[in-house]
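Take the sequence shown: its position 210, counting from 1, is numbered 210 in full-length UniProt numbering, and each next residue is one higher. Glycine is no exception: its CB is placed at the ideal position from the N, C-alpha and C atoms.
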Amino acid sequence: MADELKNKGNSALSAGNIDEAISCYTEAIKLDPSNHVLFSNRSAAYCKAERYTEALADADECVKLAPNWTKGYTRKGAALEFLGRFDEAVGVYEDALQKEPNNAQLKAAMENAYSQAGNKAFFNPFADPKLMDRIQKSPKLRSYLSDPDFRLKLQMMQQDPSKLGQFIQDPRVMACVSELLGVNLDDAMNGAGGDAQDDKMETDAAASPPPPPKEEPKPSASADQSLTEEEKKANALKEQGNSAYKAKQFDQAIELYKQAMELAPTNVSLYTNTAAVRFEQQRYEDCIAECQKGIEIGRENNADFKLIAKALARIANANVKLGNLREAKRYFDKSLSEHRAPDVIKRAQEIERQLKQLEEQAYINPELAEEEKAKGNEQFSNGKFPDAIRHYSEAIRRNPDDPRLYSNRAACYTKLMEFNMALKDCDTCIKKDPKFIKGYLRKGACLMAMKENVKAAEAYRKALEIDENCQEAKEGYMQAELGTNDEQRRQAALNDPEVQDILSDPAMQMILGQMQKDPKAVAEHLQNPQVRTKLQKLIDAGIPITMSGVKVVICGGGNGAHVAAGLAALNGADVRMMSTFSDEAERISAALAANNGLLRVTYTDAGTTKELDAKLSVVTKDPAVAGKDVDLILLVVPAFAHAGYLRALLPNITPGTVICGMPGSPGFPFEVDGILGPELSAQVTLMDWATLPWACRLLEFGRHVEVLGTKESMRGSVRLGTVPSRVDPVPCLQSLLGQRPVLNASGHILGITLGSVNQIVHLAVMYGQWYNWDGKGLPESPLFYQGINEETGSLLNSMSAEICALAKKISDTQGVDLKSVLHIYDWYMDCYGKDISDKSTLATSMRTNASYRGLRHPTVVGEDGLHRPNYGYRYMTEDVPFGLVITKGIAEIFQLPTPNIDRVLAWSQKQMGKEFVRESAGGRVCGSDIGMTRAPQRYGLTTVEQVLGVPKQ
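Encoded structure:
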């Protein structure tokens, strides 16, 4: 079985199907892990795939299993050369030659590695540990050491030789290189001598003056004496021809070379020089003919094999220009069989890559790819994962730009526990289509299997950026986060090159330093989207980004306000807790004083309970004390209390202040605009969040609060003001709250208002149960969600459809993003899909939702012990004035009929004894009790522009 897989791998490798070959060899190794040939073959395949580190590992294993088999050493040497470790490669070939001293292939490979090692040394002259001594002893260079700038450059080049390219224009550096290497660098830079013409052949001849044909070393005096008179004359004519070539006098150069050939017809260099001239004249066929003459004469006269190799390489280069890539590859291979010149090796590899690309392009056929994909899907369903990989690999060759194919193959590799290959396919999938969510989901699952929870969480977070309602991404993110503790996050951050780059970036270091001291100074920097992205990366990685000095007013004295104040203080903010309710501020202050001024916050992270003590700046009822120079106002109170706090803080709200509702609740921007007025409201930044981040409770009022649970993510929106805020709103709030919940701010701020589901769910269910009530008491309160019928479900569907139609009209006519507004059925599937047993209709989905089991209608029990509807419950008192009336008011301004909302609203206000919508005015939102609502009409907002807010987003 292992031999069969090996043969399949060999066939796949020969056909260029590298991934399939690797898969076959891997399966074979599982069956026969002591077979050194399998590791050798897979090493070769890894090299073809440019996975050189893995190729080296397999070659090492091959040598370990068969220390006397020299092919293993060849594989190891090749992998080391590809990794640029030429000195080590030389050592490997030397070891192999001790076992087979006459192996010509090993000798050629070692010669090439020696050559490459020499080239590498040439470009790293400053790596010499005795560098300073050599410069100090040089009369020409020692004076440079008195210049601190020059010494600094030397140190930088010693640590990083690539800096040489940055400093080479400094004449002192150039002089140093010349002396250290023992060459005249000025001559080398100007193109004197060398093999420059070979490089020239691969560039546009018109781009720069052509270099001269390669000049053979001038003969020494003794050698010159051995030449005949004809040969001496021939050499002189050749020199004249070279000079004419340099001057671009090509016809004259050809004539001089011809005259030289008549005197020295066996001199191969005359033919290669003539060919170089024909190359520059773009007469490539003539170039080839001259080289072939030179090769024929050279072989007849036993010429140096390097000259033959040069002529063959020149034929190859001419064929490249003629577009004959296969012929070019054939002649490059012939040249390398004579002499393995490093530049020819690279050129041959490049042509091979080009040929492979052309073959791959010719092989593309999307229709056949779909057929192979279908076969792969069938094999996957049958659990035949290697066969599925084979079909998916063929599909990829037929259509390499289809991200689905890489995603499917990644799933197979994951099943086979080949996680590295799965990750590679996931990354390719994402690269092909960054918006293809399945690539991130596959990557997250693979990383979870590898216990890389931090990286898995990042993959799932990116999936949620594409679709915030994706249940698989939500569940994956939650599992990854729950499986990760703070130490793991810290370690992952330290090992993450992207995080390291951010932390070592001088500009980011400056910004982070300023954030610690003065957030006002950094506000301009934080307007940069790149900076915001980097900060989010640090936050996601668990790197604490404290907001020292940010002045935050926490409005409220309840459970949520205690948590918000404690966390913000722990993260370095200047926290002022403000409560206007009765004597609440005094009681909190007294409780803190009795606890040494500390507010304790208890929470659980990854199964570990933590207790942290926070120090608040002040707890007060006085808005002048709380609001002095405030940067961020955080409203953590019910919607009905927002207006009181905003009016109290109004004298302290200035352009650039950030006002945040957590939650903001429907109509939040209208209330802010109405209280602040059009000019100031346009100059502040608003944040509106759909929910509170935590489930929490007070253990001791004013002293100790417990976080029972934290949401994984929180949806919201931002409306930027015309005056830049003093803190960047979302990163600032994220840093104050901590790593969770992940704040997802997107779309127009109106989406939070229209997207609220309570306004229709609670009221539609109340209407469905009680609109036709006969007034008689009931023995028990009816089930709220589980008791709805299809008629109520249909009403709820219709109300939701009206809101979606309103959102679509606003989006289409005004160009704003309201994608967060979902139909109620889609919302239920997103939030409760796994808890619903019957999803056939909206009504059945609500009735069979396990999360709703046992919840009943709000009722009051009379003296007779019977239940009657409680119209004073929050389902009516909050969801009408702070919900449905607002949506009706927006629809009115955009002139969109809402007959089903109108019906429920008319019934609701009747039961409440209120008038929000005036029937005598055609059902317009102008009733006598409009002052109780957040409808835009209450604040005089009656135009499209006013409803959308200033500035328009």
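- Look at residue 298 here: in three-state DSSP terms it is helix.
- Secondary structure of residue 644 (DSSP, three-state): helix.
- From the listed residues 425, 403, 401, the smallest Cα separation to residue 412 is found for 425.
- Annotation for residue 869: the continuous beta strand (DSSP E) segment containing it runs 867–869.
- For residue 925, there is no enclosing alpha helix (DSSP H), as DSSP marks it with neither H nor E.
- Following the DSSP letters along the chain, one finds residue 344 in no beta strand (DSSP E) but inside the alpha helix (DSSP H) bounded by residues 342–363.
- Where residue 412 is concerned, the enclosing alpha helix (DSSP H) starts and stops at 403–415.
- The beta-carbon distance between residue 401 and residue 432, rounded to whole angstroms, is 6 angstroms. This is short enough to meet the 8 angstroms contact definition.
- In this structure, residue 315 keeps its C-beta atom at 7 angstroms or more from the C-beta atom of residue 345.
- Of the residues 51, 88, 45, 33, the one whose Cα lies closest to the Cα of residue 65 is 33.
- Relative to residue 328, the option among 355, 296, 18 whose CA is nearest is 355.
- A distance below 7 angstroms between beta-carbons, with the five flanking residues on each side excluded, links residue 925 to the following residues of its chain, in chain order: 885, 888, 889, 892, 916, 917, 935, 937.
- Rounded to whole angstroms, the gap between the alpha carbons of residue 297 and residue 251 is 23 angstroms.
- Setting aside the 5 residues that flank it on each side, residue 49 is surrounded in the same chain by 18, each with a C-beta closer than 6 angstroms to its C-beta; the list follows chain order.
- For residue 366, the CB contacts under 8 angstroms within the same chain, skipping 5 residues up- and downstream, are 398, 399, 402 in chain order.
- The shortest C-alpha to C-alpha distance from residue 293 to any of 871, 254, 271 is the one to 271.
- Cβ neighbours of residue 696 within its own chain (closer than 7 angstroms, five residues either side excluded): 559, 560, 563, 705, 706, 707, 708.
- Between residue 719 and residue 760, the C-beta spacing is not below 7 angstroms.
- Closest option to residue 862, judged by alpha-carbon separation, among 70, 780, 789, 826: 780.
- With a cut-off of 8 angstroms on Cβ pairs, the region 657–665 is in contact with the region 729–743, counting three or more such pairs.
- Around the Cβ of residue 299, a 10 Å sphere holds fewer than 16 other Cβ atoms; the residue is exposed.
- Excluding sequence positions up to five before and after residue 234, its CB lies within less than 6 angstroms of the CB of 260, 263, 264, all in the same chain and listed in chain order.
- Looking from the CA of residue 803, the closest CA among 788, 787, 793, 823 belongs to 823.
- Contact check between the region 581–598 and the region 611–624: three or more CB pairs, one atom from each, fall below 8 angstroms, which counts as touching.
- For residue 559, the enclosing alpha helix (DSSP H) has its first and last residue at 559–570.
- For residue 785, the CB contacts under 8 angstroms within the same chain, skipping 5 residues up- and downstream, are 765, 846, 847, 849, 852, 855 in chain order.
- Rounded to whole angstroms, residue 496 and residue 502 show a C-alpha spacing of 10 angstroms.
- Fewer than three beta-carbon pairs drawn from the region 139–156 and the region 366–386 are found closer than 8 angstroms, and the two stretches are therefore not classed as touching.
- Buried is the label assigned to residue 589, since at least 16 other Cβ atoms lie within 10 Å of its Cβ.
- A residue is called buried when at least 16 other Cβ atoms come within 10 angstroms of its Cβ; residue 941 meets this threshold and is buried.
- Secondary structure note for residue 850: it is in no beta strand (DSSP E), with a DSSP letter that is neither H nor E.
- Apart from sequence neighbours up to five positions away, the residues of its chain that approach residue 395 with a beta-carbon distance below 6 angstroms are 369, 372, 373, 405, ordered along the chain.
- Counting C-beta pairs with one atom in each stretch, the region 786–797 and the region 805–815 have fewer than three that are closer than 8 angstroms, which means they do not touch.
- Take residue 422, set aside five residues on each side of it, and the residues of its chain with a beta-carbon closer than 6 angstroms to its own are 410, 413, 414, 446, in chain order.
- In terms of Cα proximity to residue 664, the closest of 77, 646, 384 is 646.
- In this structure, the CA atom of residue 949 is about 12 angstroms from the CA atom of residue 667.
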